[in-house]
Amino acid sequence: MDVSSISPTATQAVDFPVDSTQFDWENLRYFIAFARIRSLAAAARSLNVEHATVSRRIAALETALKIRLVDRRSHRYELTDNGERIAQLGNRMQETACALSRAVCAIRTDKVADITLSAPPHLTTHFIAPHLGRLREQCPDVNVRILSNPRMASMARREADIAISVGRPTETDLVVRKIGTLDFGFFAAPSYLHNRIASAYEFIAHDDEHEPSPQRIWLENAAGQRPVVLRVKSFDVQAEAARAGAGIALLPIFMADAPGGLQRVPIEERPLHAELWLVVHRDMRTAPGIRAMMDFIIDCFAQQHR
């Protein structure tokens, strides 16, 4: 028998045709992020790095593999055919590695748990942060990392272990629980509204990176032909701008009700509501640390409505 024709088995090492001194698995992770989003800037935001870092990582991966993965013509990055193939294989590797990581975390019974929570900034600021001292008292072995980002992190890729989502997620393999509702209203400084007719109103809008949010659509419909004079991602910044007299902002009512001199503006015909959902991957839901953190978050939002 010609032993050279035998396929590798689980007991045989696979010859990886790459110089191990040049290959860095982190470069592959950066390339997969770009391939998934197809934008250097968006990939950089998802990785919390500069877009030049993503570009450099992709170039390093190409050097190690000796394969051109992206076409850089016309000042744009587009995947080559080989890049598409490597991205598909790399994504499968990443999914398997993440599944292994989730399984290990769910099985282990260590007392100390490092947990990453993904939630929009206004929710972490007003609902979670004020209660973190109590979390330390109740669960001293739980160490928390908070990703304060409007975009919900991926549970499948273990970008986060738990998330709070505005709107029910549609991804598969997630366990979700509704934990509250955000009610919105239009607010402005009393000095801004004084002697100002409705046709002269100016608006402060939510600045969305990708698809317009329900809040932005709602505001633009209400504004009609009246101008949007400021766009900003942060609700806290919108509230401060409204207090300063910059215009009318569509804000969560719990923020505008805080002391600070904002007045409700009766513009909307019917109220805008957004559901809040607690999200965890189904593989992780029974891990002790995850369970403790979920119970804590549920209680934080329950206290807000007591």
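Anchor point for the sequence shown: position 23 equals 23 in the working numbering, and the numbering is continuous, going up by one each time. Cβ atoms here follow ideal geometry from the backbone N, Cα and C, with glycine treated the same way.
* Is the beta carbon of ALA163 sitting closer than 9 Å to the one on ALA87? -> no
* What are the uninterrupted segments assigned as alpha helix (DSSP H) that are 4 or more residues long and contained completely in the segment 156 to 199, given in chain order? -> 190 to 193
* Own chain, CB closer than 8 Å to SER4, minus 5 neighbours either side, in chain order -> Residue confidence is low: SER4 scores 44 on pLDDT, short of 50, so the model does not pin down where it sits. No coordinate-derived value is stated.
* Per-residue DSSP class, three states only, for SER118 -> strand
* GLN263 by DSSP, collapsed to three states: which one? -> strand
* To do: Count the other CB atoms, across all protein chains shown, that sit within 10 Å of the CB of ARG282; report buried if there are 16 or more and exposed otherwise.
  => exposed
* To do: List the endpoints of the continuous beta strand (DSSP E) containing ARG243.
  => Note, ARG243: premise wrong, no beta strand (DSSP E); alpha helix (DSSP H) at 235 to 243.
* By the 10 Å Cβ neighbour count, where 16 or more other Cβ atoms means buried, how is ARG309 classified, buried or exposed? -> It is not possible to answer for residue 309, since the shown part of the chain is limited to 1 through 306.
* **Selection from ARG243, SER154 and LEU276 that minimises the alpha carbon distance to ALA309** => Lying outside 1 to 306, the shown extent of the chain, residue 309 is not represented and no answer is given.
* Asked: Quick one: what does DSSP say ALA246 is sitting in, helix, strand or coil?
  -> coil
* In or out: GLY185 buried (at least 16 other Cβ within 10 Å) or exposed? -> buried
* Asked: If you draw a straight line from the C-alpha of SER7 to the C-alpha of ASP161, how long is it?
  -> Its pLDDT being 47, under 50, SER7 is placed unreliably in this model, and the value from its coordinates should be taken loosely. About 38 Å.
* Asked: By the 10 Å Cβ neighbour count, where 16 or more other Cβ atoms means buried, how is VAL48 classified, buried or exposed?
  -> Strictly speaking, residue 48 in this sequence is Asn, with Val absent from that position. Exposed, by the Cβ-count rule.
* Going by the beta-carbon positions, is the gap between ASN91 and ILE115 smaller than 9 Å? -> no
* **Neighbourhood of MET1 by C-beta, 6 Å cutoff - its chain only, sequence neighbours within 5 removed** => Residue placement at MET1 is poorly supported in this model, since its pLDDT is 40, which falls under 50; the coordinates still yield a value, given next. There are no such residues.
* Alpha-carbon to alpha-carbon, TYR77 and VAL280 -> 33 Å
* Which residue's Cα is closest to the Cα of ALA249: ILE290, ALA287, ASP207 and LEU276? -> ASP207
* Pull up the DSSP beta-bridge partners for GLU307, would you. => Nothing can be reported for residue 307: it is not among the residues displayed for the chain, which extend from 1 to 306.
* **Rounded separation between LEU40 and LEU262 - CA only** => 40 Å
* Tell me which same chain residues have a C-beta within less than 7 Å of the C-beta of ALA223, skipping the five on either side of it? -> PHE203
* How about LEU272: is its C-beta nearer than 9 Å to some C-beta of chain C? -> Within the model displayed, chain C is absent; a lone protein chain is all it includes.
* For GLY180, which residues from the same chain have a beta carbon less than 6 Å from its beta carbon, with the 5 sequence-adjacent residues on both sides left out? -> LEU276 and PHE301
* **Inside the segment 276 to 304 only - alpha helix (DSSP H) runs reaching at least 4 residues** => 288 to 304
* **Where the beta strand (DSSP E) through ALA41 begins and ends** => Taken as a continuous stretch (DSSP letters only), ALA41 belongs to no beta strand (DSSP E), being part of the alpha helix (DSSP H) at 40 to 47.
* Asked: What did DSSP end up calling PHE203 once you bin it into helix, strand or coil?
  -> strand
* Asked: With a CB to CB cut of under 7 Å and the five nearest residues on each side skipped, what residues in its chain are close to ASP173?
  -> ALA156, HIS281 and ARG282
* Residues near ALA10 by beta carbon distance below 6 Å, same chain, minus five either side -> Annotation note: pLDDT 49 at ALA10 (below 50); position unreliable, no value reported.
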